[in-house]
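**Student:**
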Amino acid sequence: MPFDAASPTPRWARATRSRRGMLALGLSSLALPALAACNRDTGLGGPPQNATPRVTPAPGSQDPSASGSPSAPESSSGEDEIPVSKDLDKIKVKGKKGTEPKITVPAPWGIDKTRVKVLDAGDGATVPKGAPVTVSYHGVNGRTGETFDSSWQDGEATPITFSLDGVVAGFRKGLQGQKVGSRVLIAMPGKDGYDEQGGSGDGTIMVGDTLIFVVEIEATLLSGPEGKAVAPKDGLPTVEDTKKGPKITIPKTKAPTKLTHQPLVKGSGPEVAETDTVHLRYRGVVWDSGKVVDDNYGDDVETTTLGDTLIPGFTKGIIGQTVGSRMLLVIPPKQGYPDGNDEPKVPKDSTLVYVVDILFAQATQGQ
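Read in order, the letters of the sequence shown are residues -36 to -1, 1 to 331 in mature numbering (1 follows the signal peptide of the UniProt record, and there is no 0).
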């Protein structure tokens, strides 16, 4: 990664857009969804603190209380046992994609395992395992039939970005493999929800509660550049796709003296802001030798926060570009490493050439 050697230690962290009622990601000790433990400030659907659901498993299904997760004492409130369903047929969802959904549940209701139904199929990228996603969602408790959290407020959605590695199992299972643009219905039993945490802690979600979500998937990590090909200007390095990543060929001319940022593929995603956390693939070569000095093709996608931690020419070449784009950057020494660098190994006064694939971007937490 083209870090500025004079900058502070880079900040390597997946970030999330924060909102009222949301728990921050990165709380690895809690397997809560990024959408978090119920809107604690709203008071929606909160049963008495001593009300604990009792779930009757379907034949062959596993009792959530036998999963090894913490469990609350059996309810003494006199509630009836909650039947467990093997399908989503009795869950009704009203509203078109892009509008706030209304979920009707024959409460009290439970599900045997995490189940998913595509309500409106999208045709975008497939959500990879453990990837970051941007979604809008609405959550209802199957025991009470009440909303416990939603990214829709007053009919308007506030999309939330988080990593699937930081959410409860049911949410992760429900979104992996789905397409961007889809609206999906997810129901998860307590063992895939909040049982491990002993419920939400405020009585809104109890051990054993089935949670039901309608989720609209707005974006996810791309596997490569996606968009419209753009013909580069004459005199620039050429780029050829190979199985090992882009092959960069330097022309037999003098290097440009000004920063060049040329789209090779123009993505259709959102523009990258100067404080965003971005997910990139990149390859960098020295103009004079054509030698590769910086590369992460074949490795994990790089996640970093733009700003003073990167060389100026790299940051300037990414800001304002769109997700899905492949960029060709020609970075003169003054905006790269004028005195050379050890890691990546760059000789003094070298012009650098980078190919960069912008695969995802999200607002950095606290920005």
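Idealized CB from N, CA, C, for every residue including glycine. Because the structure is a prediction, the values reported are computed rather than measured.
Taking the straight line between their C-alpha atoms, what separation do you get for residue 234 and residue 323?
**Tutor:** Here residue 234 refers to the residue found at position 270 of the sequence shown. Here residue 323 refers to the residue found at position 359 of the sequence shown. Rounded to the nearest angstrom, the two C-alpha atoms are 11 angstroms apart.
**Student:** Please report the distance separating the alpha-carbon of residue 102 from that of residue 65.
**Tutor:** Numbered from its first residue, the sequence shown carries residue 102 at position 138. Numbered from its first residue, the sequence shown carries residue 65 at position 101. Their backbone Cα atoms lie some 7 angstroms apart in a straight line.
**Student:** For the candidate residues 187, 76 and 277, whose alpha-carbon lies nearest to that of residue 175?
**Tutor:** Numbered from its first residue, the sequence shown carries residue 175 at position 211. Nearest C-alpha to residue 175: 76.
**Student:** What number of angstroms, rounded off, separates the C-alpha of residue 332 from the C-alpha of residue 325?
**Tutor:** With the chain covering only -36 through 331, there is no way to say anything about residue 332.
**Student:** Does the contact criterion of 3 or more C-beta pairs under 8 angstroms hold for the segment 300 to 312 versus the segment 253 to 265?
**Tutor:** Yes: the two stretches touch, three or more of their Cβ pairs being nearer than 8 angstroms.
**Student:** Determine the extent of the beta strand (DSSP E) in which residue 325 is found, giving its start and end residues.
**Tutor:** Counted from its first residue, the sequence shown places residue 325 at position 361. Its beta strand (DSSP E) spans residues 316 to 326.
**Student:** Do you know how far the Cα of residue 303 is from the Cα of residue 289?
**Tutor:** Position 325 of the sequence shown, counted from the start, is the residue given in the question as residue 289. Position 339 of the sequence shown, counted from the start, is the residue given in the question as residue 303. Those two C-alpha atoms are separated by around 30 angstroms.
**Student:** Mapping the DSSP letters down to three states, classify residue 276 as helix, strand or coil.
**Tutor:** Taking the sequence shown and counting its residues from 1, one reaches residue 276 at position 312. In the structure shown, residue 276 sits in a helix (DSSP, three-state: H, G or I).
**Student:** Could you check how far apart the C-beta atoms of residue 79 and residue 151 are, in whole angstroms? I think they sit under 8 angstroms.
**Tutor:** Here residue 79 is taken as the residue at index 115 of the sequence shown, counted from 1. Here residue 151 is taken as the residue at index 187 of the sequence shown, counted from 1. The pair is a contact, with the Cβ atoms about 5 angstroms apart (cut-off 8 angstroms).
**Student:** Which of the three DSSP states, helix, strand or coil, is assigned to residue 186?
**Tutor:** The residue you call residue 186 lines up with position 222 of the sequence shown. Residue 186: coil per DSSP, three-state reduction.
**Student:** Do the segment 187 to 206 and the segment 128 to 145 make contact, defined as three or more Cβ pairs closer than 8 angstroms?
**Tutor:** No, the segment 187 to 206 is not in contact with the segment 128 to 145.
**Student:** Around the Cβ of residue 180, are there at least 16 other Cβ atoms within 10 angstroms (buried) or fewer (exposed)?
**Tutor:** Within the sequence shown, numbered from 1, the residue matching residue 180 stands at position 216. Per the 10 Å Cβ criterion, buried.
**Student:** So what's residue 45 in DSSP terms, helix, strand or just coil?
**Tutor:** Within the sequence shown, the letter at position 81 stands for residue 45. Coil at residue 45, not helix or strand.
**Student:** According to DSSP, simplified to helix, strand and coil, what is residue 85?
**Tutor:** In the sequence shown, residue 85 corresponds to position 121, counting from 1. Reduced to three states, the DSSP call for residue 85 is coil.
**Student:** Going by the beta-carbon positions, is the gap between residue 146 and residue 86 smaller than 8 angstroms?
**Tutor:** For the purposes of this step, residue 146 is identified with residue 182 of the sequence shown, where counting begins at 1. For the purposes of this step, residue 86 is identified with residue 122 of the sequence shown, where counting begins at 1. Contact: yes.
**Student:** Just to confirm my understanding: we take residue 293, look at its own chain, exclude 5 residues before and 5 after, and list those with CB closer than 6 angstroms. What are they?
**Tutor:** Counting from 1 along the sequence shown, the entry for residue 293 is found at position 329. Only 225, 281 and 318 meet the Cβ criterion.
**Student:** Using only the alpha-carbon positions, how far apart do residue 268 and residue 274 sit?
**Tutor:** The residue labelled residue 268 in the question sits at position 304 within the sequence shown. The residue labelled residue 274 in the question sits at position 310 within the sequence shown. Distance between the alpha carbons of residue 268 and residue 274 is about 9 angstroms.
**Student:** Going by Cα to Cα distance, which pick from 93, 197 and 277 is closest to residue 138?
**Tutor:** By 1-based counting over the sequence shown, the position of residue 138 is 174. Answer by Cα proximity: 93.
**Student:** Please return the same chain residues whose Cβ sits closer than 8 angstroms to the Cβ of residue 57, not counting the five positions on each side in sequence.
**Tutor:** Taking the sequence shown and counting its residues from 1, one reaches residue 57 at position 93. Counting only Cβ-Cβ distances below 8 angstroms, and skipping sequence neighbours, we find 65, 66, 67, 68, 83, 149 and 178.
**Student:** Among 88, -35, 110 and 119, which residue has its Cα nearest to the Cα of residue 100?
**Tutor:** Residue 100 sits at position 136 when you count from the first residue of the sequence shown. Ranking the options by Cα distance to residue 100, first place goes to 119.
**Student:** Please report the straight-line C-alpha distance between residue 184 and residue 155, rounded to a whole angstrom.
**Tutor:** Residue 184 sits at position 220 when you count from the first residue of the sequence shown. Residue 155 sits at position 191 when you count from the first residue of the sequence shown. Near 26 angstroms, if we compare the C-alpha coordinates of residue 155 and residue 184.
**Student:** Is residue 113 buried or exposed, if buried means 16 or more other CB atoms sit within 10 Å of its CB?
**Tutor:** For this step, residue 113 is matched to residue 149 along the sequence shown. Residue 113 is buried by the Cβ-count criterion.
**Student:** Going along the chain, which residues of its own chain have a beta-carbon closer than 6 angstroms to the beta-carbon of residue 301, five neighbours each way excluded?
**Tutor:** Locating residue 301 in the sequence shown gives position 337, counting from the first residue. These residues qualify, in order along the chain: 310.
**Student:** Kindly indicate which three-state DSSP category residue 154 falls into: helix, strand or coil?
**Tutor:** Translated into positions along the sequence shown, residue 154 becomes position 190. Helix, per DSSP.
**Student:** CA-CA distance, residue 123 and residue 98?
**Tutor:** One-based indexing of the sequence shown puts residue 123 at position 159. One-based indexing of the sequence shown puts residue 98 at position 134. Their Cα atoms are separated by approximately 6 angstroms.
**Student:** Indicate the three-state DSSP secondary structure (helix, strand or coil) for residue 210 in the structure shown.
**Tutor:** For the purposes of this step, residue 210 is identified with residue 246 of the sequence shown, where counting begins at 1. In the structure shown, residue 210 sits in a strand (DSSP, three-state: E or B).
**Student:** Rounded to a whole number of angstroms, what is the C-alpha to C-alpha distance between residue 153 and residue 166?
**Tutor:** Residue numbering aside, residue 153 sits at position 189 when the sequence shown is read from its first letter. Residue numbering aside, residue 166 sits at position 202 when the sequence shown is read from its first letter. About 19 angstroms.
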